[in-house]
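Chains as they are written, first to last, in the working numbering: chain A, 9 to 344; chain B, 990 to 1272; chain C, 812 to 1148.
Remarks on the structure that follows.
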Amino acid sequence: MSELLLRVDSLRVTFPRRHDAPLVAVDDVSFAVGQGDALVIVGESGSGKTLTALSILGLTPRTAAVSGTISFEGTDLRALPDRRLREIRGRDIAMIYQDPMSALDPVWSIGNQISEAIREHERVSRASAGARTLSLLRRVGLPEPDRIARAFPHELSGGMRQRALIAMALACSPKLLIADEPTTALDVTIQAQILELLKELRRDLGLAIILITHNMGVAADLADRVLVMYAGHAVETGTSSRIFSSPYHPYTDALLRSAEIAGLDQKSPLVAIPGVPPPIDARPTGCPFHPRCDRAQDDCSAVRPDLRGSPEALVACHHPIVEPSALARRPEMGDA
Amino acid sequence: MSGVARMTSGLRVARVIERRPSFLILFAAAVVLILLAFAIAPGLIATGDPIKLDVPNRLAPPSLGHPFGTDEGGRDIFSRVVFGTRNSLGIAVTVVLGSALFGILFGAVAGLAGGAVDEVLMRIVDLFLAFPAFVLALALAASLGRGLGSIALALAIIWWPGYARLVRGEILALREQQHVETARALGVRGLRLVRRHMLPFMTRSVNVRITTDIGYALVAVTALSFLGLGAQSPTPEWGLLIRDSRSYFGSAWWYLLAPGFMVMLTTVAFSLIGDAVAERGDR
Amino acid sequence: MVRVVARRLVWTMVILFAIATITFLLERVVPANPAAFLAGQNAPAETVERIKVQYGLDKPIPVQYVTYVSGLVQGDLGVSFRTRRAVSEDLIQFLPATLELLFVSFAVYVALSLALGIVAAQMRGRLADSVIRVTTMVGTGIPVFWLGLVLQLVFYYYLRWLPIDGRYPTRADLPEPITGFLLLDSMLRFDGSQFTNALGQLILPAAAIVLSLLAVGVRLTRAAFIEQGERQYVRTLRGKGVRPSRILLKHVLRNALNPIITTTGTQFGYMISWVVLVEVIFNWPGIGLYAFKSFEIFDYAPVIALTLVSTVVFAIVNLASDLLYPIIDPRVQQVSR
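See below:
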């Protein structure tokens, strides 16, 4: 991994309840992202992946209790006062969202919202911001940028809106882009285009990307490294090449198999993973995946597996498909 | 945390339903029951005669014998308030129920018929709603002649369009619902359709409206009487009492406060009940 | 957009015609004896006869209607036998006072309900929010005319802080009107004392109106702002690093305006309605008091004219607010009902 940009340690997001134990949405998740890296966080709905992403910029709901360290270029983001955090948001770290229509303000033009991103962080004239807006729109592949800049969100197609959202995120040349399921709400052909755009931007701008998705195919396309989440836990991490060729965790394996088959032959039956992810208030004891796992044994329902393996290849499983090599311990803080 | 952050609430987690303390509901219900008693059997509750003069005792401050004091004729204000319940609140209730009945029918016809009939009927409703309500009621009451009957009629005339619009809106929404479509496919039509498949779902919003409207109607009735168009002296009526109290502000504050407080209390009570009925349905 | 305006204008014309028809009915058809209605309760028989001929009350209704409407178009609103003048002349004299009271009340109402509503939304769940909500809830129950009287009782009879009678202190000299709006006139003249005099008289009547309506406005603004706060675009804005004040006042406000405008229009309708009551209570020399004094002594032409004028004003305000929707929200293609 190249120079460290963002480091998340033991992130926990819980929702306290009045007369009950708190609901745990994200349980002890850690990861790191370096300059220009692409990390993809994969998981089904309810895995906590979106909350993880939102925690980075402090955008979790006010009812959520967040703990752990989130440090960006050495600064602990969670300890920052609002004013300082606002400087980082949109300027050093930017975020794009799943549904661009609801993510954009419907009553202001696209150009206005992009220029706003610029002028909030830099003292530039309106004209100068306007010019930069146009070039940003061009950069994300939108034709007729001046028409788009004057348009309102509801006047654009889904794909164009998402491109505009990306343009807005890039307004101040951030070092890190967090993309929360940016293609889920779009047509399949547009999905591919947006992913291509993201890859291109990463190449040209040296942008680091954290992409959240439930689609393994997207992960395969973009990722350097992958973090697999299930029911709020990180169950496996590793490089993209290793995970796709030799997954350790049964869940990862199942995800891969269902993605392959879905992509391959339209006529063969969809092999979904039997069962559904557990709801947040009814998490199983022991390993959260054990009710759906065909490798489950007695200890799986009793003891929660910790992440173990080498820093670049971790798995949280008592009986993984492949034992992780080398050190059977979790990396401590301070490890490279 | 900034105010904006505080304003933004949970994405997926269930919201805490803000529960109103239920003692307010009990309080409101108690008020309504008391008013009902006032209206039905004023003679039993009032301590004095609302009409008979007792001049030596005029403008006496509140006391045990006269809880609300006496007016310029020595009459017990509390008794006048109690007897006046029928005239003020009673008329208000009549207005609301009457206009609701007419409005509901009107709106039901419009909603069911659809098409041109609906257009025309709704235009009529819009026309009525284009008038500032109270001013029209004023003019109507003036035209019809003075007295409680006139203002009742005048207010009913301006009140019904609200119900027509409400009911028509509900019917339009309900028409799209699965169970209604099924019923229509099976041949259920018209009034039967409304009664069996729509009415149960509409009752809540209509009831809420009726309940809160009673308060507003009461204010309108008293306002018109205050201006001299409704009840005429010496009929006890809350608005009229307020009107009469104006000359004696400096010396008899209780004269102004008692009837006005009754209006306020009544309106708040009905609003609370209306809110409670509304919230019940949301559970 | 032009189509929208055109449609609204046509509808407004329809309303004006309807108003005229209804006032016609009120004047000529509804009363048991239209001639006596217009001549006044205690008018001698000859006057009633004269009125009958003068207004053509013995002619068939359709003919009367035509004469009535054509008279209206020319500005003939009848005659007030109390003032012995054409009602239209009286209205011109008294209208500015009413308009000034209305405008000031409306402006204060809008400013306060927005401010308090925003504060309540921001302080959601905290003490300030509860205080605002409880006090405004009680406010909905207080009839405006009683509130006005109570304000008089407290602030004049007991505290002697504020005046309650009329538009200008009787001891001072009422200056020559320029626009008819005292506040404006005093500003044009740079006359500080005139301004404070006029303002002082305005406070209580405006307060009565504003306080009666504030409850609804605050609750609505609060609800609208809270609802907008749940929207995703607010999260995007925070993620962009936009400062909270801008999020609130540039984005949330504009999005929240739609329901606020609708209700504010209705509130203005109430305001117009209640202006009669307030003018009566505070002896404010506007068209409301004028109409009241007349119908007290059975002179009804002014009250009919009042209905006409108020409805026209209300229709104009509704038209304006309907036209506002497409302006504040670019998604609105046409005005829907």
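Just so it is clear, CB atoms sit at the ideal spot from N, CA and C, and this is done for glycine as well.
Are at least three pairs of beta-carbons, each pair with one atom in the region 918–935 of chain C and one in the region 1015–1026 of chain C, less than 8 Å apart? yes
The region 1217–1237 of chain B / the region 1052–1059 of chain B touching (three or more Cβ pairs under 8 Å): no
Cutoff 7 Å: phenylalanine 1006 of chain C Cβ touching any chain B Cβ: The count along the third sequence starts at 1 and reaches residue 1006 of chain C at position 195. Residue-level contact check: phenylalanine 1006 of chain C does not touch chain B, since none of the beta carbons of chain B fall below 7 Å from its beta carbon.
Smallest Cα separation from leucine 59 of chain A: which of A/Asp188, A/Gly283, A/Ala267, A/Gly246? Position 51 of the first sequence, counted from the start, is the residue given in the question as residue 59 of chain A. Residue A/Asp188 is the option with its Cα nearest to leucine 59 of chain A.
Thinking C-alpha only, which one of A/Ser38, A/His27, A/Thr22 is nearest leucine 322 of chain A? As a working note, residue 322 of chain A is residue 314 in the first sequence. Among A/Ser38, A/His27, A/Thr22, the Cα nearest to that of leucine 322 of chain A belongs to A/Ser38.
Would you please verify whether the beta carbon of serine 1139 of chain B is less than 7 Å from any beta carbon of chain C? The residue given as residue 1139 of chain B occupies position 150 in the second sequence. With 7 Å as the cut-off, serine 1139 of chain B does not count as an interface residue toward chain C.
Name the chain C residues whose beta carbon is nearer than 9 Å to that of phenylalanine 160 of chain A? As a working mapping, residue 160 of chain A is identified with position 152 in the first sequence. Chain order gives the chain C residues near phenylalanine 160 of chain A as Pro1141, Arg1142, where near means a beta carbon separation below 9 Å.
What does valine 877 of chain C touch in chain B if you count any residue whose Cβ is under 7 Å from its own? Here residue 877 of chain C corresponds to residue number 66 of the third sequence, with the count starting at 1. Result: empty, since nearest Cβ-Cβ is about 21 Å, beyond 7 Å.
Which whole-angstrom value is the C-beta distance of arginine 169 of chain A and proline 108 of chain A, which I expect to be below 8 Å? Sequence index remark: in the first sequence, residue 169 of chain A carries index 161 (1-based). Sequence index remark: in the first sequence, residue 108 of chain A carries index 100 (1-based). The pair is a contact, with the Cβ atoms about 4 Å apart (cut-off 8 Å).
Please compile the residues from chain C whose C-beta is within a distance smaller than 7 Å of the C-beta of valine 1283 of chain B. There is simply no residue 1283 of chain B to check, as chain B begins at 990 and stops at 1272 in what is shown.
Below 8 Å, can you find three or more Cβ-Cβ pairs linking the region 1068–1085 of chain B to the region 1019–1037 of chain B? yes
Threonine 1032 of chain C CB to nearest chain A CB: under 7 Å? Taking the third sequence and counting its residues from 1, the one referred to as residue 1032 of chain C is at position 221. It does not: the Cβ of threonine 1032 of chain C has no partner Cβ on chain A nearer than 7 Å.
Can you tell me whether proline 907 of chain C is buried or exposed? The criterion is at least 16 other CB atoms within 10 Å of its CB, across all chains shown. Indexing the third sequence from 1 puts residue 907 of chain C at position 96. Buried, by the Cβ-count rule.
Does threonine 1192 of chain B have its Cβ less than 7 Å from a Cβ in chain C? Reading the second sequence from its first residue, position 203 is the one you call residue 1192 of chain B. No, its Cβ sits nowhere closer than 7 Å to a Cβ of chain C.
What does tryptophan 1290 of chain B touch in chain C if you count any residue whose Cβ is under 9 Å from its own? Residue 1290 of chain B is absent from the structure shown; chain B starts at 990 and stops at 1272.
Closest Cα partner of alanine 1067 of chain C within the set C/Phe1093, C/Ile1037, C/Arg1049, C/Met934: Here the question's residue 1067 of chain C lines up with position 256 in the third sequence. The shortest Cα separation from alanine 1067 of chain C among C/Phe1093, C/Ile1037, C/Arg1049, C/Met934 belongs to C/Ile1037.
If you follow the beta strand (DSSP E) that arginine 316 of chain A is in, where does it begin and where does it stop? Within the first sequence, the letter at position 308 stands for residue 316 of chain A. Here the beta strand (DSSP E) through arginine 316 of chain A covers 316–318.
Specify whether the region 952–964 of chain C and the region 1089–1098 of chain C touch according to this definition: at least 3 beta carbon pairs, one from each stretch, less than 8 Å apart. yes
List the endpoints of the continuous beta strand (DSSP E) containing arginine 233 of chain A. In the first sequence, residue 233 of chain A corresponds to position 225, counting from 1. Secondary structure note for arginine 233 of chain A: its beta strand (DSSP E) is the uninterrupted segment 233–238.
Between which residues of its own chain and leucine 973 of chain C is the CB-CB distance below 7 Å, once the five residues before and five after are set aside? As a working mapping, residue 973 of chain C is identified with position 162 in the third sequence. Annotation for leucine 973 of chain C: Phe966, Tyr967, Gly1011, Ile1014, Leu1015 place their beta carbon closer than 7 Å to its own, counting only its chain and skipping 5 residues before and after.
Opening and closing residue of the beta strand (DSSP E) in which phenylalanine 23 of chain A lies: Position 15 of the first sequence, counted from the first residue, corresponds to residue 23 of chain A. Where phenylalanine 23 of chain A is concerned, the enclosing beta strand (DSSP E) stretches over 12–23.
Of the choices C/Ile830, C/Gly936, C/Pro1113, C/Val1128, whose alpha-carbon is the least far from that of threonine 894 of chain C? Working through the third sequence from its first residue, we reach residue 894 of chain C at position 83. Among C/Ile830, C/Gly936, C/Pro1113, C/Val1128, the Cα nearest to that of threonine 894 of chain C belongs to C/Pro1113.
Suppose contacts are defined by Cβ-Cβ distances below 7 Å. Is threonine 1118 of chain C in contact with threonine 834 of chain C by that definition? For the purposes of this step, residue 1118 of chain C is identified with residue 307 of the third sequence, where counting begins at 1. For the purposes of this step, residue 834 of chain C is identified with residue 23 of the third sequence, where counting begins at 1. For threonine 1118 of chain C and threonine 834 of chain C, yes; Cβs fall inside 7 Å.
Taking 7 Å as the threshold (beta carbon to beta carbon), is aspartate 1133 of chain C in contact with chain A? The residue given as residue 1133 of chain C occupies position 322 in the third sequence. Answer no: the Cβ-Cβ gap between aspartate 1133 of chain C and chain A never drops below 7 Å.
Inter-residue spacing [alpha-carbon to alpha-carbon] between isoleucine 122 of chain A and aspartate 36 of chain A: Position 114 of the first sequence, counted from the first residue, corresponds to residue 122 of chain A. Position 28 of the first sequence, counted from the first residue, corresponds to residue 36 of chain A. The straight-line gap from Cα to Cα measures roughly 35 Å.
Can you tell me the Cα-Cα spacing of alanine 33 of chain A and leucine 1163 of chain B, whole angstroms? Position 25 of the first sequence, counting from 1, holds the residue named residue 33 of chain A. Position 174 of the second sequence, counting from 1, holds the residue named residue 1163 of chain B. Going by the C-alpha atoms only, they are around 38 Å apart.
Nearest chain A C-beta to tyrosine 1136 of chain C closer than 7 Å, yes or no? In the third sequence, the residue the question calls residue 1136 of chain C occupies position 325. No, because no Cβ of chain A sits closer than 7 Å to the Cβ of tyrosine 1136 of chain C.
In chain order, what residues of the region 1094–1126 of chain C put their CB closer than 7 Å to some CB of chain B? Phe1103, Phe1106, Glu1107, Tyr1111, Val1114, Ile1115, Leu1117, Thr1118, Ser1121, Thr1122, Phe1125, Ala1126
Within the continuous beta strand (DSSP E) that includes glycine 246 of chain A, where are the two ends? Counting from 1 along the first sequence, the entry for residue 246 of chain A is found at position 238. That run of the beta strand (DSSP E) goes 241–247.
With a threshold of 16 other CB atoms inside 10 Å of the CB of phenylalanine 848 of chain C, please say whether the residue is buried or exposed. Indexing the third sequence from 1 puts residue 848 of chain C at position 37. Buried: at least 16 other Cβ atoms inside 10 Å.
Alpha carbons only, please: which of A/Met237, A/Ser117, A/Ala239, A/Val41 is nearest the one belonging to glycine 82 of chain A? As a working mapping, residue 82 of chain A is identified with position 74 in the first sequence. Selected option, being the one with the closest Cα: A/Val41.
Identify, in the order they occur along the chain, each residue of the same chain with its Cβ nearer than 8 Å to the Cβ of glycine 283 of chain A, setting aside the five sequence neighbours on each side. Translated into the one-based positions of the first sequence, residue 283 of chain A becomes position 275. Same-chain partners within the cutoff: Pro299, Arg300.
Enumerated in chain order, which unbroken segments of the alpha helix (DSSP H) with a length of 4 residues or greater are wholly contained in the region 125–179 of chain A? 134–147, 153–158, 166–177
Please state the DSSP three-state secondary structure of methionine 103 of chain A. Locating residue 103 of chain A in the first sequence gives position 95, where the first residue counts as 1. It is a strand residue.
C-alpha gap between aspartate 306 of chain A and lysine 1061 of chain C, whole angstroms: Mapped onto the first sequence, residue 306 of chain A falls at position 298. Mapped onto the third sequence, residue 1061 of chain C falls at position 250. In a straight line, the C-alpha of aspartate 306 of chain A is about 58 Å away from that of lysine 1061 of chain C.
Going straight from the alpha carbon of serine 276 of chain A to that of histidine 129 of chain A, what length do you get? As a position in the first sequence, residue 276 of chain A is number 268, starting the count at 1. As a position in the first sequence, residue 129 of chain A is number 121, starting the count at 1. Any answer about serine 276 of chain A is weak, because its pLDDT of 42 lies below 50 and its placement is not dependable; what the coordinates show is given next. If you take the alpha carbons of serine 276 of chain A and histidine 129 of chain A, they lie about 52 Å apart.
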